[in-house]
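> Encoded as structure tokens, here's the structure I'll be asking about.
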Amino acid sequence: MSNTKNITEKEVQALIQGKLSRYFGVAPKEATKDQIYKAVVMSVRDILLEKRQQFHKVMRSKNGKRVYYMCMEFLLGRSLKNNIYNLGLGDEYAKALKGFGLTLDDLYEQEPDAGLGNGGLGRLAACFMDALATGNYPAMGYSIRYDYGLFKQKIVDGWQMELPDIWLPGGEVWLTQRSDKACTVKFDGWVREDWTENGLKVTYGGYKEVEALPYDMMISGKDSEAVSVLRLWRARNISHFDMKLFSQGDYLRCMEEENEAEVISKVLYPADDHYEGKSLRLKQQYFLVSASLQNIINDHKHRYGPLNLLPQQAAIHINDTHPALAIPELMRLLMDENGFTWDDAWAITTATFAYTNHTVMAEALETWQEDLIARRLPRIHMILKEINRRFCNDLWERFPGQHQFIEKMAVISNGQVRMANLSVIGSHKVNGVSALHSDIIKKSIFNGFYQIWPDKFTNVTNGIAHRRWLCQANPELSGLLTDCIGDGYVKNAAELEKFKKFVNDDSVLKRLQEIKRIKKQQFADYAFKKEGVTIDPDSIFDVQAKRMHEYKRQLLNAMNVISLYAELLDDPNKDIHPQTFIFGAKAASGYLRAKQFIKLICYLAEDIKKHPKINEKLNVVYMENYNVTMAECMIPATEVSEQISLAGKEASGTSNMKFMLNGALTIGTLDGANVEMSETVGDDNIFIFGLRADEVDEVWSRGYNASSYYNQNQRLRRVVEMIARGFNGESFAEIANYLLTGTPVADPYMCMADFDSYTATQKKVKDLYVQDQKKWAQISLMNIAGAGVFAADRSIKEYAENIWNLKPLKA
Ligand code: 26Q
């Protein structure tokens with residue numbers, strides 16, 4: 005079984021049978037679908053393990069550098085299809101399963117989504133693991149093995165309810181427990197400093213210990229040698245089984261479990277682009293970084309020995325500031341446990357870490373109360389104070405008297421620890437996630453740092469796992485591409501460019517239209533089966549799917565729908581092409597405004613249903629519990645992709661790339677990666693509207709007046725009034741007030757300002773659909789052909805070359 009390419013159908017069958025009999029004690033005939041699913045996963049795991057071991061041998065023989073990607077979230081979705089696809093074993097497994105009376109699709113359906121992430125940042129981490137393995141980069145991801153991932157969304161009477169996401173019963177079979185790599189993480193307690201003849205000695209005592217137990221998950225590359233490993237830490241109590249109590253007969257008290265430690269890995273915080281300073285979250289972050297760094301250091305000592313070589317052998321990436329405590333933690337490990345001086349430890353630390361920023365929004369920037377850190381992590385607190393003291397002293401020497409300038413860059417100020425500043429100071433490279441965003445961070449939040457270290461800042465535009473989002477999610481389109489341009493694009497997405505040649509080929513354009521119709525029908529069937537909603541597959545599918553957030557402006561989308569609704573109420577016979585506006589979004593559980601928006605959209609949908617004649621032309625569908633698996637069905641079916649955030653707010657966006665790759669036409673603002681998408685396809689192939697980021701700033705500095713738009717635009721007035729009056733018997737006056745008179749400022753994300761240009765662009769796009777199907781298909785084709793640069797393979801190559809100094813490894 006040394007080469008996965010040589011594995012035969014018979015071997016696969018034997019492997020599965022072996023698992024069924026060993027782990028479930030059943031013969032194939034008696035096995036349930038769930039047992040067969042698990043046996044199949046175990047067989048894939050065996051193959052991955054073998055491949056990983058081969059790759060390990062190469063890694064050892066070449067002494068290669070590795071990257072360690074630390075992230076609080078990995079939004080993996082399902083894994084079985086991806087691994088079988090990447091291993092190139094689809095046919096073998098399909099045939100083997102025939103013998104059990106099952107298809108591969110039957111089994112794929114059995115797998116729960118691993119939803120260990122909120123949205124873009126977590127999905128990006130998952131796409132990167134795939135690209136790292138495909139590019140033959142030695143890589144390990146680190147995160148937490150949450151018992152519960154992102155909550156399951158139920159919508160009851162328009163209101164979002166959160167239910168626990170119980171993924172482990174079907175998901176755990178991917179995880180291999182590695183007790184041999186367990187370690188402990190310490191919290192609370194006290195620190196004492198003593199001057200001895202050998203210098204300052206630091207003693208940490210009175211702490212509470214938590215065991216960190218790792219679970220490994222392997223992710224295969226596509227036709228490559230590498231397998232990425234995702235190591236997920238689970239928190240466990242260190243059991244102090246008290247023999248004395250036991251022998252004294254106090255059986256129950258002895259069994260009583262101290263559960264405090266285990267809550268650390270219980271649940272993923274359901275917030276994105278919004279920060280909350282909760283003690284448990286701080287513990288999660290430190291738990292992740294301390295366990296991971298101990299693991300990295302042990303590994304390094306075992307393989308290479310001296311820790312001063314760490315930066316040559318290891319690149320450690322901190323994905324957003326959530327793992328930023330890794331910086332003081334590495335300092336602690338180097339100084340307190342390995343005898344390094346401050347200066348040497350600092351040189352190693354800054355040469356090892358790199359940091360990606362994913363937001364500039366003030367409410368998303370992490371700051372922790374200094375006294376919370378002092379109590380929970382007393383030694384880390386001391387180190388943070390020292391990092392701050394030294395940094396501020398250096399600045400004071402370079403910029404004497406410039407108090408304000410220095411204060412903005414301090415790590416600790418006003419009793420708050422600023423994680424973004426810590427991340428910049430402790431890393432050798434800092435990057436944003438799209439060209440616009442990387443520019444903005446240099447001009448705004450990190451401007452001071454940029455003046456001091458211009459070369460530290462760089463850009464790596466995000467990318468997506470195009471094999472998952474195209475080849476696996478849309479085999480029909482993938483097949484057409486292969487027919488036209490060969491299959492080179494599978495490993496080299498830049499080759500999608502060749503598809504441009506077919507822009508005047510009527511038969512290809514027709515195939516493109518047919519494929520979109522097939523994907524629309526499939527999604528309509530899925531929506532009916534999952535949620536009982538009826539969607540006309542001949543209507544235009546207009547989709548906005550992403551986290552529910554004010555800045556992403558699902559409200560602006562709803563305002564356009566309401567405007568169309570008003571027109572149809574005035575004239576139900578108005579001749580417009582049927583349109584279905586589809587939404588998929590979860591709101592953070594404590595984010596009331598976002599929950600109100602969900603309710604507005606659901607009530608609007610119900611209200612329209614009361615007018616069957618109008619409903620035939622205007623349909624609104626709110627899909628419950630949007631997740632990775634739903635996205636894989638929804639995105640290939642989409643014709644119009646909504647990327648309508650207020651310019652300057654969306655760091656990159658990644659769903660925009662997935663929709664484009666599947667031939668949707670984008671309506672978008674010049675925000676995040678939309679800017680680069682529009683440069684790639686040209687103005688004629690994307691529908692840009694609204695204020696640009698610099699104009700947004702300008703309007704703000706002049707003083708934004710939302711009601712002036714209301715007074716000047718009759719259509720807009722009508723929309724706001726309809727919102728106030730309400731839908732389906734429920735008033736949404738609060739949202740109308742938010743737009744008109746909200747405090748501290750009305751309409752903070754400028755839906756009113758962009759309403760006119762948005763609705764005009766909507767009309768332009770829908771008119772084109774009706775008037776020129778061929779043109780539509782041509783634009784669709786140009787988008788598919790232009791999507792190659794947005795592959796995660798490209799992003800990872802840039803990280804490897806410009807940030808990690810990492811080379812691919814091959815036997
Ligand atoms: C922080 C502290 C406490 C609790 C939660 C958090 C937290 C968790 C998740 C803060 C932010 C996030 C997630 C942010 C995120 O997903 N950002 C998105 O990242 C994408 C990948 O770069 C970008 O494409 C999106 O533009 C950006 O919004």
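Count along the sequence shown from 1, add 4, and you get the number used in this note's numbering. The beta-carbon is built from N, C-alpha and C at its ideal position, and this holds for glycine as well.
1) Pick helix, strand or coil for L125, following the three-state DSSP scheme.
2) For A18, count neighbouring Cβ atoms within 10 angstroms of its own Cβ and tell me buried if that reaches 16, exposed if not.
3) With H, G and I counted as helix, E and B as strand and the rest as coil, what does DSSP make of G790?
4) Below 6 Å CB to CB, which residues in the same chain sit around L399 once its five sequence neighbours on both sides are set aside?
5) Beta-carbon separation of R196 and D220 under 7 Å?
6) Near K287, which residues of its chain fall below 7 Å by C-beta distance, leaving aside the five closest residues on each side in sequence?
7) Less than 6 Å between the CB of N717 and some heavy atom of the ligand 26Q, yes or no?
8) Whose C-beta lies closer than 8 Å to the C-beta of N806 among residues of the same chain, with five residues either side of it excluded?
9) The beta strand (DSSP E) with R196 in it runs from where to where?
10) Output the distance between the C-alpha atoms of G790 and G652, rounded to the nearest integer angstrom.
11) Which of the three DSSP states, helix, strand or coil, is assigned to C75?
12) Classify R307 as helix, strand or coil using the three-state DSSP reduction.
13) Go ahead and pull the three-state DSSP assignment for I391.
14) List the DSSP bridge partners of Q406.
15) Taking the continuous alpha helix (DSSP H) assigned at P173, which residues delimit it?
16) For L816, which residues from the same chain have a beta carbon less than 7 Å from its beta carbon, with the 5 sequence-adjacent residues on both sides left out?
17) Which partner residues of N463 appear in the DSSP bridge assignment?
18) For the ligand 26Q, is there any heavy atom lying closer than 6 Å to the beta carbon of R285?
19) CB-CB under 6 Å to F28, same chain, minus the five flanking residues each way: which ones, in chain order?
20) In the DSSP assignment, find the alpha helix (DSSP H) that holds A609 and state where it starts and stops.
21) Using the beta-carbon count (16 or more within 10 Å), is Q775 buried or exposed?
22) Does the beta carbon of N435 fall short of 6 Å from some heavy atom of the ligand SAH?
23) Across which residues does DSSP place W372 in a beta bridge pair?
24) Smallest Cα separation from T684: which of G123, T633, L500, P582?
25) Where A414 and T345 are concerned, what is the direct C-alpha to C-alpha distance, given to the nearest angstrom?
26) Please report the distance separating the alpha-carbon of N302 from that of K505.
27) From K138 to Y211, what does the alpha carbon distance come to, in whole angstroms?
28) The ligand 26Q heavy atoms versus the CB of N466: any closer than 6 Å?
29) What residue from N312, M222, W372, K205 has the CA that sits closest to E280's CA?
30) Within the continuous beta strand (DSSP E) that includes D95, where are the two ends?
31) If we ignore side chains and look at the alpha-carbon of each, how far apart do I519 and F527 end up?
32) Locate the alpha helix (DSSP H) running through N86, then write down its first and last residues.
33) Have a look at T673, V71, T12 and flag the residue whose alpha-carbon is nearest the alpha-carbon of L813.
34) Could you give the distance in angstroms between the alpha-carbon of L665 and the alpha-carbon of E628?
35) According to the neighbour-count rule (16 or more other Cβ atoms, all chains shown, within 10 Å of its Cβ), is K524 buried or exposed?
36) My parser needs the beta strand (DSSP E) runs of 3 or more residues fully inside the region 269-348; what are they?
On the basis of the data shown:
1) Here residue 125 corresponds to residue number 121 of the sequence shown, with the count starting at 1. It is helical.
2) Within the sequence shown, residue 18 is the residue found at index 14, counting from 1. Exposed is the call here.
3) In the sequence shown, residue 790 corresponds to position 786, counting from 1. The answer is helix: DSSP assigns G790 an H, G or I state.
4) Here residue 399 is taken as the residue at index 395 of the sequence shown, counted from 1. Once the five neighbours on either side are set aside, the close Cβ partners of L399 are I410.
5) Along the sequence shown, one-based indexing puts residue 196 at 192. Along the sequence shown, one-based indexing puts residue 220 at 216. Going by C-beta atoms, R196 is not nearer than 7 Å to D220.
6) By 1-based counting over the sequence shown, the position of residue 287 is 283. Taken in chain order, the residues that qualify are F191, I268, R380.
7) Taking the sequence shown and counting its residues from 1, one reaches residue 717 at position 713. The answer is no for N717.
8) Numbered from its first residue, the sequence shown carries residue 806 at position 802. Taken in chain order, the residues that qualify are K433, T462, V464.
9) The residue you call residue 196 lines up with position 192 of the sequence shown. Start and end: 194-200.
10) Taking the sequence shown and counting its residues from 1, one reaches residue 790 at position 786. Taking the sequence shown and counting its residues from 1, one reaches residue 652 at position 648. The straight-line gap from Cα to Cα measures roughly 23 Å.
11) By one-based count along the sequence shown, residue 75 stands at place 71. In this structure, C75 counts as coil in the three-state DSSP scheme.
12) Residue numbering aside, residue 307 sits at position 303 when the sequence shown is read from its first letter. It is helical.
13) If you number the sequence shown from 1, residue 391 lands on position 387. Reduced to three states, the DSSP call for I391 is helix.
14) The count along the sequence shown starts at 1 and reaches residue 406 at position 402. Partner(s): none; Q406 has no beta bridge.
15) Within the sequence shown, residue 173 is the residue found at index 169, counting from 1. Start and end: 172-175.
16) Not covered by the structure: residue 816. The range shown for the chain is 5 to 815.
17) The residue labelled residue 463 in the question sits at position 459 within the sequence shown. According to DSSP, which records beta bridges pairwise, N463 is partnered with G436.
18) Along the sequence shown, one-based indexing puts residue 285 at 281. Result yes, Cβ under 6 Å from the ligand 26Q.
19) In the sequence shown, the residue the question calls residue 28 occupies position 24. Only Q39 meet the Cβ criterion.
20) Taking the first residue of the sequence shown as position 1, residue 609 is located at position 605. 596-613 is the span of the alpha helix (DSSP H), which, as asked, contains A609.
21) Within the sequence shown, the letter at position 771 stands for residue 775. Classification of Q775: exposed, given that the 10 Å Cβ count is below 16.
22) Only the ligand 26Q can be found as ligands here, which leaves the ligand SAH out of the picture.
23) Translated into the one-based positions of the sequence shown, residue 372 becomes position 368. Beta-bridge pairing links W372 to V421.
24) On the sequence shown, residue 684 is found 680 positions in, with the first residue counted as 1. It is L500 whose Cα lies nearest to the Cα of T684.
25) As a working note, residue 414 is residue 410 in the sequence shown. As a working note, residue 345 is residue 341 in the sequence shown. Those two C-alpha atoms are separated by around 23 Å.
26) For the purposes of this step, residue 302 is taken as residue 298 along the sequence shown, with counting starting at 1. For the purposes of this step, residue 505 is taken as residue 501 along the sequence shown, with counting starting at 1. So the two alpha carbons sit approximately 53 Å from each other.
27) Within the sequence shown, residue 138 is the residue found at index 134, counting from 1. Within the sequence shown, residue 211 is the residue found at index 207, counting from 1. According to the sequence displayed, residue 138 carries Thr and not Lys. If you take the alpha carbons of T138 and Y211, they lie about 43 Å apart.
28) Translated into positions along the sequence shown, residue 466 becomes position 462. Under cutoff, so the answer is yes.
29) Here residue 280 corresponds to residue number 276 of the sequence shown, with the count starting at 1. Closest by alpha carbon: W372.
30) Here residue 95 refers to the residue found at position 91 of the sequence shown. That residue, D95, is in no beta strand (DSSP E); its alpha helix (DSSP H) goes 94-102.
31) As a position in the sequence shown, residue 519 is number 515, starting the count at 1. As a position in the sequence shown, residue 527 is number 523, starting the count at 1. So the two alpha carbons sit approximately 12 Å from each other.
32) As a working mapping, residue 86 is identified with position 82 in the sequence shown. It spans 84-91 - the alpha helix (DSSP H) in which N86 sits, taken as one unbroken run.
33) Along the sequence shown, one-based indexing puts residue 813 at 809. Answer by Cα proximity: V71.
34) In the sequence shown, the residue the question calls residue 665 occupies position 661. In the sequence shown, the residue the question calls residue 628 occupies position 624. So the two alpha carbons sit approximately 24 Å from each other.
35) Mapped onto the sequence shown, residue 524 falls at position 520. With 16 or more other Cβ atoms within 10 Å, it is buried.
36) 318-323
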